[in-house]
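These protein sequences, in sequence, are chains W and S. Note that the working numbering has the first sequence beginning at 1, numbered continuously upward. Note that the working numbering has the second sequence beginning at 1001, numbered continuously upward. Backbone N, C-alpha and C fix where the C-beta goes; we use that ideal spot for every residue, glycine too.
2 protein chains.
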Amino acid sequence: MNPTTLRRVAVLGTGVIGTSIALALRRADVHVGLYDLDTEVVAEAEAMGAGVALSPDDPPADVVVIATPPSTVVGVLRDAQECELGVVYTDVASTKARIFTDAELAGCDFTTYVPGHPMAGRELSGPRAARADLFTGRPWALCPHPETPPGPVRAVAELVELCGGEAKVIAPDAHDRVVAAVSHAPHLVSAALAARFATADDTMLSLVGKGLQDVTRIATGAPSLWCDILQQNADPVAAVLDAVVRDLTEVACALRNSDHAGSGPLADLLTRGNHGREHIVDRVSVEGARSRA
Amino acid sequence: MNPTTLRRVAVLGTGVIGTSIALALRRADVHVGLYDLDTEVVAEAEAMGAGVALSPDDPPADVVVIATPPSTVVGVLRDAQECELGVVYTDVASTKARIFTDAELAGCDFTTYVPGHPMAGRELSGPRAARADLFTGRPWALCPHPETPPGPVRAVAELVELCGGEAKVIAPDAHDRVVAAVSHAPHLVSAALAARFATADDTMLSLVGKGLQDVTRIATGAPSLWCDILQQNADPVAAVLDAVVRDLTEVACALRNSDHAGSGPLADLLTRGNHGREHIVDRVSVEGARSRA
């Protein structure tokens, strides 16, 4: 790893993502100041070695990481910039377009703010679920505004690198469409499968196997946080759901209407599923090889 | 493990499931005779130590395992019973109700046939993907006919035990409804998510993470085999797909129609998803603890 110019980072919001970033930075000997509305979770993060509680006397941080729920990011950013908490600001929210627009409307300073989104998470929440290696080898989207100078982008990219992530620059709209397909819509589809077992009896559960476990693994996480995320990315998520619904409706119809001739839509969906899965696996292999290199 | 009374088993169909059963039985020193329409895959299975090619001079097997695609099971069973290939017969097809009815119509002898279905599989196919421990701790459904005497059921249960599986007796209709929910519909839903990436560009693939990998893991397998399986279980699978489609349609609509008030259906689905996932995880923990005990 290159020598770092980051000396001091402030993490606002010490949930699982904020605390994982703090732990990764502490490993690289960066000073980390921690803040959360809930002082108990700050104490938990401190006890895990994630840093020390942020103090009003602290000098401005090189980077301020806003790790609060998506709908709160712009308010926290505006306040942080107003009281000059740091030199550069980023966030970790999993939606970007609306935050981008709202931050412009709120008059936030884009010369020091670089929106970000690490593509990693855990089913568990809170600082105790944090892990220093959560971001190792994982993509980390950065969506800099055209008016942001290179310095702040480099500073945030350096933070990503210290956390072991792979920075990918992408426009906010493109980010949201991609994340709807790779994360937000899959979360809802996984929930819709898991929901079939919300009132399942013993017979229904008697034959549960590894396949169902895998498919429903992401059907966890606090509904309130996920409502917030999904509503911030409503149209792109709804568009992916529409496409999934179209495919499944056609297949259900084909299954009901014929014994043999109906294999057209069925074979077509299974074949497209095979191809899509190959692309996903190939990409992950490429990324894995790159991060090991 | 109790001393076995199984000395000799014939496996008809040496794909991944048939060969895995053969490998597990060889570990317990059972003589295994192998047969497949494709003599090359028999040779592959033999080379892996799964047994020896079935010979016309072999004495009747204690149990004949029919490990061919679902739509072929009844024909293979009738032929095997006619030439008295064994004393007891079972199959491993992942649908049961239609095979049950078709076997009755074809005049198969249910005093010696115990339909079965091991709840384990691999994304890969063919004998080379076989593993002796594929069934360890996994449920294995048995759907005996009311007229089947206890002896043949015990013989097949013993085969399940030698393979490390957990025999669960269940009626064919109930089996198919359960399997539609735990395996067949999830396969199609996983395919419908993966299908979104069949023509994905680099931007779309740039942010692929672990969640999407897990949700699409089962979107593999030969479309021809899966068409066969799904068409054999058409109505139960279509019923689960309908329920998933209903949930996703409602959520897509709520996402489009409101910023904040629309969280009702969204929060409801996410909460039911949480509960369903808890049931699935609890069950797997219970089974895991039982199989370790």
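query: Three-way DSSP call (helix, strand, coil) for W/D57 in this model; result: coil
query: CA nearest to the CA of W/H31, picked from W/D214, W/L37 and W/G49; result: W/G49
query: Chain S contacts from the segment 32 to 57 of chain W (Cβ-Cβ distance under 9 angstroms); result: none
query: Chain W within 8 angstroms of S/D1176, Cβ atoms only; result: no
query: Bridge partners - W/K168, DSSP secondary structure assignment; result: W/A141
query: Interface residues of chain S facing W/G327 [CB-CB closer than 8 angstroms]; result: One cannot answer for residue 327 of chain W here, as it falls past the ends of chain W, which runs 1 to 293.
query: Assigned exposure category for W/M1 - 16 Cβ within 10 Å defines buried; result: Below a pLDDT of 50, predicted positions are generally treated as unreliable, and W/M1, at 40, falls in that range; the measurement from the model is reported next regardless. It is exposed - the Cβ of W/M1 has fewer than 16 other Cβ atoms within 10 Å.
query: Chain W contact residues for S/K1096, given Cβ-Cβ distances below 7 angstroms; result: What S/K1096 touches in chain W: nothing, since even the nearest Cβ is about 11 angstroms away.
query: 8 angstroms Cβ cutoff met for W/T90 and W/V156; result: yes
query: Enclosing beta strand (DSSP E) for S/T1090 [first to last residue]; result: G1086 to D1091
query: Chain S residues whose Cβ lies nearer than 9 angstroms to that of W/H145; result: Result: empty, since nearest Cβ-Cβ is about 19 angstroms, beyond 9 angstroms.
query: Contact set for W/L241: own chain, Cβ-Cβ below 8 angstroms, skip 5 residues either direction; result: A185, L188 and V189
query: Neighbour list for W/T111 in chain S, Cβ cutoff strictly below 9 angstroms; result: Per Cβ cutoff of 9 angstroms: no residues; W/T111 is ~26 angstroms from chain S at best.
query: Assigned secondary structure, W/R131 (DSSP; H/G/I helix, E/B strand, else coil); result: coil
query: Neighbouring residues, chain W, relative to S/D1133 (Cβ below 7 angstroms); result: Correct list: empty, because the minimum Cβ distance to chain W is about 13 angstroms.
query: Among S/L1077, S/L1159, S/N1233 and S/A1243, the one whose alpha carbon lies nearest that of S/L1105; result: S/L1077
query: Boundaries of the alpha helix (DSSP H) in which W/V160 is found, first to last residue; result: P150 to L162
query: Rounded Cβ spacing between W/A103 and W/Y113 (contact assumed at less than 8 angstroms); result: 7 angstroms
query: Contact with chain W by S/A1293, beta-carbon distance below 8 angstroms; result: Because the pLDDT at S/A1293 is just 49, under 50, the model does not fix this residue reliably, and the point stays unresolved.
query: Any C-beta of chain S under 8 angstroms from that of W/I99; result: no
query: Chain C within 8 angstroms of S/S1206, Cβ atoms only; result: Reference to chain C is not applicable here, since the protein chains of this structure are W and S.
query: Those residues which DSSP pairs with W/V240 across a bridge; result: W/V240 pairs with nothing; no bridge assigned.
query: Chain W within 8 angstroms of S/M1001, Cβ atoms only; result: Because S/M1001 sits at a pLDDT of 40, beneath the cut-off of 50, its placement in the model cannot be relied upon, and the following sentence gives the value as read from the coordinates. Answer no: the Cβ-Cβ gap between S/M1001 and chain W never drops below 8 angstroms.
query: Own chain partners of W/V281 with C-beta closer than 7 angstroms, once the 5 adjacent residues on each side are dropped; result: none
query: Identified DSSP bridge partners for W/M117; result: Here residue 117 of chain W is His; the residue named in the question, Met, does not match the sequence. Bridge partners of W/H117: W/A141.
query: S/R1128 burial status per 10 Å Cβ neighbour count (16 or more: buried); result: exposed
query: Near-chain W residues of the segment 1221 to 1233 of chain S (beta-carbon distance less than 7 angstroms), N- to C-terminal order; result: P1223, W1226, C1227, L1230 and Q1231
query: Minimum Cβ-Cβ distance from W/A194 to chain S less than 8 angstroms; result: yes
query: Best match in W/V74, W/P236, W/V182 and W/K210 for proximity to W/D109 [C-alpha to C-alpha]; result: W/V74
query: For W/V42, three-class secondary structure by DSSP; result: helix
query: Length of the line joining the Cα atoms of S/A1293 and S/L1025; result: Note that S/A1293 scores 49 on pLDDT, short of 50, meaning its location in the model is unreliable; the coordinates nonetheless yield the value given after this. Whole-angstrom Cα-Cα distance: 22 angstroms.
query: Burial state of S/L1269, where buried means 16 or more other Cβ atoms lie within 10 Å; result: buried
query: Other residues of its chain near W/V160: CB distance less than 6 angstroms, five sequence neighbours each side excluded; result: W140 and A167
query: Contact set between W/L266 and chain S, taken where Cβ atoms lie within less than 7 angstroms; result: C1227 and L1230
query: Rounded separation between W/T95 and W/H145 - CA only; result: 15 angstroms
query: Interface partners of W/W242 on chain S, CB under 8 angstroms; result: It should be noted that the sequence gives Asp, not Trp, for residue 242 of chain W. Within chain S, the residues near W/D242 are A1252.
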